[in-house]
Every structure is written in C-alpha cells, then in structure tokens.
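Residue numbers (the working numbering): 1 to 699.
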Amino acid sequence: MAPQALTRLGRRLLIAIASCALVAPIAAQTDTATLESQRAAFKQAYAAASQGGDSWRSLAAGLQDYPLYPYLEATSLEHDIQQIDRPTVEAYLKQYPDLIPADDLRRNFLGELARRQDWTDFQAMYQPGLGDALTCDALQAKLAGNATLDFDKDLAALWSESSLPSACDPVLQAAHDQGLLTPARVWARIDLAADAGKGNTISTLAPWLPDGDANEAQRLALALNDPANAVRAAGTWPDTPRSRQAATLALVRLARRQSDTADDAWQSLQGRFQFAPTQRNSILNALAVFHATDYDANALQRLIDLPASAQTDTSREWRVRVALAEQNWSAVLAAIEAMPPSQRQDDEWQYFRARALSQLGRSDEAQRAYDSVAKQSSYFGYLAADHQSTSYSICSVQPAASQQGEQDVLAIPGIRRAFELFAVDMLNPARREWNRALANADAQTIRQAVIIADQRGWYDRAVFAFNNGQGLHYYTLRFPLGRQYDLVQRADQAGIDPYWAYGILRVESAWMFDAHSGADARGLMQLVPGSAAEVARRNGLPWSGGNSLFDPSVNIQLGTRYLAQMADRFNGSLWLASAAYNAGAARANQWLDQRSELPPDVFVATIPFKETREYVARVMYYSVIYDWRLNETAAPISTRMAPLSQVYSRPTGEPSRKTITCATPPEPASTTTIPAPPSSARLSPVPSRSSVPATEPAH
1 MAPQALTRLG
11 RRLLIAIASC
21 ALVAPIAAQT
31 DTATLESQRA
41 AFKQAYAAAS
51 QGGDSWRSLA
61 AGLQDYPLYP
71 YLEATSLEHD
81 IQQIDRPTVE
91 AYLKQYPDLI
101 PADDLRRNFL
111 GELARRQDWT
121 DFQAMYQPGL
131 GDALTCDALQ
141 AKLAGNATLD
151 FDKDLAALWS
161 ESSLPSACDP
171 VLQAAHDQGL
181 LTPARVWARI
191 DLAADAGKGN
201 TISTLAPWLP
211 DGDANEAQRL
221 ALALNDPANA
231 VRAAGTWPDT
241 PRSRQAATLA
251 LVRLARRQSD
261 TADDAWQSLQ
271 GRFQFAPTQR
281 NSILNALAVF
291 HATDYDANAL
301 QRLIDLPASA
311 QTDTSREWRV
321 RVALAEQNWS
331 AVLAAIEAMP
341 PSQRQDDEWQ
351 YFRARALSQL
361 GRSDEAQRAY
371 DSVAKQSSYF
381 GYLAADHQST
391 SYSICSVQPA
401 ASQQGEQDVL
411 AIPGIRRAFE
421 LFAVDMLNPA
431 RREWNRALAN
441 ADAQTIRQAV
451 IIADQRGWYD
461 RAVFAFNNGQ
471 GLHYYTLRFP
481 LGRQYDLVQR
491 ADQAGIDPYW
501 AYGILRVESA
511 WMFDAHSGAD
521 ARGLMQLVPG
531 SAAEVARRNG
541 LPWSGGNSLF
551 DPSVNIQLGT
561 RYLAQMADRF
571 NGSLWLASAA
581 YNAGAARANQ
591 WLDQRSELPP
601 DVFVATIPFK
611 ETREYVARVM
621 YYSVIYDWRL
631 NETAAPISTR
641 MAPLSQVYSR
651 PTGEPSRKTI
661 TCATPPEPAS
671 TTTIPAPPSS
681 ARLSPVPSRS
691 SVPATEPAH
C-alpha cells in the first residue's frame, strides 16, 4: 500500500468517525482519544515502514497492542524483500502465522527466492496452494534437484488451465523434454485454450506437435487472433476436422466484428468444408445475432428464419430487440411468445409483452400483463406501474441489530483489523480482512457486521453482502445516503436531479471510495483525471491532481458538475446522458442518429451493448429508490424517461409523485419491516436547469 493511500479520503471521514459514538464498540478498552492517537501514530509509522528499514519502530512505540501493528513490520520487510533472509521472514511468520500480511510476505519472499534460484530455502518455505506461478517455481526447485516430473501428480492440474504464467515455461519445456507432453495431451490443452479464446496459448503449444498437427494448431490460433485473415486463408485449407474447427471459430469471431464480411466468407466456405451440424448452427447463429446488433435491414427475418437447432437465448432476445427497433409490435409479441417459459418470465419480456398487447389494442390482456410486472421492484416493474398509474412496490426491511451481536462481531480479530484498516483509509486490505474473517460466518453474523460497517460509513459492505435473497429487501443499507459528502447540495449547485446523481454513483462504484477502473476512472463517480481537471477548470473549482478523486467530497463535487455537462449535451435527458456516461457521448450520438424516433423505454432496450442497457436501467431504477429514501415517495420513473423532444425538469408537485407500497411482503428473517424512511429526510425541490448544448472531456 503506497503512503499516499493513507490520505486519499481526506480527513472528513476520520473526523466524523472519531466524533461519533458508534466508534465506541471497537474501542471497548480504549477511549476514543487514545484510539485516534493510535491511528495517527500508525499512519506515521506506516509511511516510514513503506520506505523499508527500522525507522518505523520508534514511531510505533506504544502500538504493540494496536490491531494493525503487524502490518508495519510486514510492510518494511516487503520493501526490503531483495535484501532480507529466510530467518527474518520465518521469525515474522512464526509470530503472526494466521495473518494476511504473513501470507503475503511468504508468497512474495518465495517469489524472491525463485528469482535468486535459492531452491533450498524455497523448498523449506513452500506451501501448496499459493498460485500457479509458485507451483511452477516449486516444480523448478524439484527439477533443480535432478528429480523427474510426474504428469498426473505434478502437471495435470496446471495443464487444465487455458493459460499459465511465464514461470511455468521452463517446467513445461522440461515436461516436453521428458516426453510427458504427448500429442493427445497437447491437443487437450489446445482445445481448452480454443474454448477460452486464448490464441497465444495455442501458438506456444503448436511447436510441440508433429508438423502436420502443428499447422492445424496454428490455424486455430490464427482464427482466434486474426479471424479476417483466417477466413481468407481458409480457402486453401484441407477439409479436416481441425480445419473445420478453425474455420468455425474464425467465422463466428469475424461475425462479431464485420458481419457483412463474415456473410461473404460463409457463402464461399460452406461448400468447401463438411461442417458438423453444431458448427453450422454456431455460424448461422453468430451471423444472425451480429446482423441484429447492427440492426441491418433483414436482421429480423434472419432471426425468424434461424433453424430451431441454431437458436439460443441470445438470438431469441435479439429477435425481440430488432422488432422493437422497427416498432413492429406483432413481431415483438411473436418473438416473446417464441421464447421458452424460463426466458419469457424475465421482467423485461413481460413488460414488453404488455407493451405489445397494448399497442395491438388488446387492452384487457395488456392490463393483466402490466399488473403482474408492476408488483416487482425493478426498472421494468416501475415502468409497468406508470402505465397502470399504480403505486410502486418496495418491500423494505431492516436487519435486527443487538448489542450482544455487535459485541460478538467486534470480538472477531479479523473484523477489528478490518474496521481499523478502513478507519486509516487502507481500504483494499480492509476488504481482505473482512472477507477472510466472515468467510464461514452465518447470515446473522454477516448482517450484524454490515450494520456496524454502515454505521461507520463503510457503505460498500452492504452492497456486496446483500445482493440476493432476503438481503435484497435491506434497501436502507443497500442504498446508503452518505450525507457527509453533501451530494444533495452539490447536485443542487450543479442544477441536476440529486437522485439521478445518487443512482450514477451507486452503479459506478457501489460506494467504494477507492474504486479504480482499468481506464483510470477513479472514486465514487468514476471520473478520469483528465476529465475531472477540465470540469474543475470550466467551473472554477480547485484541482489538486488525480488522487484527489479518491476523496469523496472532491469526487462528488466534480462528478455532479460532469453530470450537468452530460445532461446539457443531451437536452436534459437523464436516461440518454446515463448511456453516454457509460458508453461515451460518441456512441450515444451514433445510436441517436439511427433510432432517435423511438420511445425512451424502447430506445434503451435497443442499445446494442448489454452493459450499457443494464447500466441505464439500473441508474433509472436506483434514482427512484434514492428519491424514495429521501422523500418517502418518488417521482414516476417515466418523468426521468421523457422523450428526447422534451427538456427534463424535476417534478415539484406532490400529486405527480408515486406512493410506495409492499406488493409481496418478504418472509421474515430477524428483520423489522419499515414502510418508508423518516419524514425528516424529505428534500425541497431543486430548480431545473436550462438546456444549453455543451461539450465535455471523454468520461
């Protein structure tokens, strides 16, 4: 953990925690002032330990009984990993045998011993189950002692992996040299790699096959890595089982990227190869589906004509989406009716079945269909309720808490360490301690731990713990307000719907303050530093660099302003701005150019990217939940799904708001039913913004 991580979230959260009575249970034998002093001392000592050496020890005087003390020495040793010796590491492991830092130190020191090729010490310290790289290092140690490999004992588990770390390369070469990697075994692993789409793995395995087989393996690698060149070359391939496999892979992958080119290739290749029925079906399915995702002119008919044996849930789903894009309601209804019952029961298809029945004038059937969906607490459930002008269903329960339960949870050493790590902003180690401490815990213990975490501002614990079954009804925990970060005030200042901002935040980061994506998006609202800097400049706000985005207050201030720019760009359309926030403004404009005449609910359903479709639905649904959390009632979801021609403005009149009921009460499970948040949470209306076209940096 870098020292800068200790200051990422700023001081506000720590001040709030330090001044709050909820800190008391973790400090049963330590008063709050002493605990805060220990935390401050730990931070200083940790920063020193991160530089290696022993200077941290003087700074850690008096911290020996502090739960995080073991992290200090481990951090220093990790920094000095290339200089330390086995006795030093073993002394630490003996003192803290069951702690996560000890596991990490063992793993990393073993990696260092492998780098040194100190196989004697490596074998003395090695334990199985530390990952593929160290497993292969252990086999290298075995080979260094002139032992031979046993395939079943040493290699079978590794061989079943579709890809392996580079540490395994010398082991696999040795296995080959010992004659253990027979062609049958090599082909078995190639098939695993082909199924996983690992063309590079196949390329490394191919030279271990006889010449003819090696060529066929390389065709598979080419099909995965460069399908366009593969289909061009396929015209010269012999009609063998492996060539047919490669041609199938190439056609399916090319269809995803260039459906028209794949069509032409299929016309030339289907007569050359004797494709198996399953291969033919796979190709036909891919061609139909990816013409559908492009919404090509004949896409609907291709999906209708797809042989039954070639149909999948995906192709049946896209048959509905293409029919929706054409607003061919008879075709929509027929496509949904063609689904198997298990797929047809999904809220989305039940909702669009009701839409189709209504559009076709079958009002009584449509009403019954809407009534069924409207009982669900979901995006489609609320859309259906708006069609019926009925209330929304939210069956909220609060897990029962107890003083004894809290004491029992806080008696778990790993949980104490987790909460302290959270308090000093070491969030990733905190999650690791949490997960290990509760790995085998019962539901009651987990519920109690999450309640404590929520009270201390560690909101993401509820999001990840309560994602199925009874936990879905814990709305106040799953949708925290985090008011100390002033989101409502910041949204008001930006002129946007605060409930929408809450919805975006909840979907983007699940309340993980340190969320960091592969695209370098950071913090609660997942802002890229370049975008955030531009937002700060445009709005005259301070900017202190990318790491400031891990401070919730900074992130929310800039994130709400960024959302305002997005909303302005799309005429105040929250649902379209949400799509652009996820997929980029260029993509959103491309979809607008193609299907701007569609009603919003249909437009969202025809977004080609599954991730973005589901993202928009979740944001709109979560916006309703947060509206209810803060106001006891909620504005209709349809007001947030206004047509593109209508500039969005927040509804301010009570008659337009939805009351909340519980359509299907959950089974009791040590919970207390709560019909709505307290009225003291009610907000005053936020003025709507005028729609001013604007540009913004890429999200």
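Quick reminder that beta carbons are idealized off the backbone N, C-alpha and C, glycines included.
From a predicted model like this one, the values you see are computed outputs, not experimental measurements.
Serine 389 by DSSP, collapsed to three states: which one?
coil
State the CB to CB distance for the pair valine 89 and leucine 77, rounded to an integer number of angstroms; the pair is presumed to be in contact (CB under 8 Å).
7 Å
According to DSSP, is alanine 634 part of a helix, a strand, or is it coil?
strand
Can you list the alpha helix (DSSP H) stretches of 4 or more residues lying completely in the segment 508 to 587, in chain order?
529 to 539, 552 to 569 and 574 to 583
When the Cα atoms are used, what is the spatial distance from glutamine 311 to alanine 533?
48 Å
Any contact between the segment 426 to 438 and the segment 468 to 478? By contact I mean 3 or more CB pairs, one from each, below 8 Å.
no
List, from N- to C-terminal side, the beta strand (DSSP E) runs of 3 residues or more that fit wholly inside the segment 587 to 647.
none
Per-residue DSSP class, three states only, for proline 399
strand
Spatial distance of leucine 558 from asparagine 582 (CA atoms):
17 Å
Whole angstroms is fine: what's the gap from leucine 527's alpha carbon to alanine 521's?
5 Å
For glutamate 597, does the count of other Cβ atoms within 10 angstroms reach 16, so buried, or fall short, so exposed?
exposed
If leucine 209 and alanine 174 are in contact, beta carbons under 8 Å, what's the gap, nearest whole angstrom?
Between alanine 174 and leucine 209 the Cβ distance is about 18 Å, and since that is not below 8 Å, they are no contact.
Reference aspartate 31; option with closest CA among Gln51, Tyr502, Tyr66 and Gln44
Tyr66
Give the DSSP-derived three-state secondary structure of isoleucine 84 in the structure shown.
coil
According to DSSP, residues forming a beta bridge with isoleucine 452:
Isoleucine 452 is not bridged to any residue.
Inter-residue CB distance, arginine 319 and phenylalanine 273 (contact presumed, cutoff 8 Å):
Rounded, the Cβ-Cβ distance is 28 Å, inconsistent with contact.
Assigned secondary structure, alanine 21 (DSSP; H/G/I helix, E/B strand, else coil)
Residue placement at alanine 21 is poorly supported in this model, since its pLDDT is 35, which falls under 50; the coordinates still yield a value, given next. In the structure shown, alanine 21 sits in a helix (DSSP, three-state: H, G or I).
So, helix, strand or coil for isoleucine 660, using DSSP?
strand
Isoleucine 202, DSSP secondary structure in three states
helix
Residues near aspartate 294 in its chain [Cβ-Cβ closer than 7 Å; skip 5 each side]
Ser259
Contact between the segment 220 to 239 and the segment 248 to 264 (3+ Cβ pairs under 8 Å)
yes
Where asparagine 539 and proline 608 are concerned, what is the direct C-alpha to C-alpha distance, given to the nearest angstrom?
34 Å
Judging by CA-CA distance, which residue of Ala167, Trp159 and Ser160 is the nearest neighbour of leucine 134?
Ala167
Under 8 Å, do valine 616 and tryptophan 591 count as touching if we go by C-beta distance?
no
For isoleucine 412, the nearest candidate out of Ala61, Asn468 and Ala439 (CA to CA)
Ala439
Spell out a yes or no on whether the segment 383 to 397 and the segment 618 to 634 are touching, meaning 3 or more CB-CB pairs, one atom from each, closer than 8 Å.
yes
What are the boundary residues of the alpha helix (DSSP H) that cysteine 136 is part of?
132 to 144
Does the distance from the C-beta atom of threonine 201 to that of serine 160 stay below 8 Å?
no
Would you mind reading off the limits of the alpha helix (DSSP H) that contains aspartate 118?
Careful: aspartate 118 lies outside any alpha helix (DSSP H) and carries neither H nor E.
Burial state of alanine 24 (16 or more Cβ within 10 Å)
Because alanine 24 sits at a pLDDT of 39, beneath the cut-off of 50, its placement in the model cannot be relied upon, and the point is left open.
How about threonine 240 and phenylalanine 275: are their beta carbons less than 8 Å apart?
no
Distance between serine 358 and valine 332 (C-alpha atoms, nearest Å):
12 Å
What is the DSSP secondary structure of alanine 356, counted as helix, strand or coil?
helix
When the Cα atoms are used, what is the spatial distance from glutamine 270 to alanine 567?
49 Å
Determine, using beta carbons only, whether alanine 515 and leucine 324 come nearer to each other than 8 Å.
no
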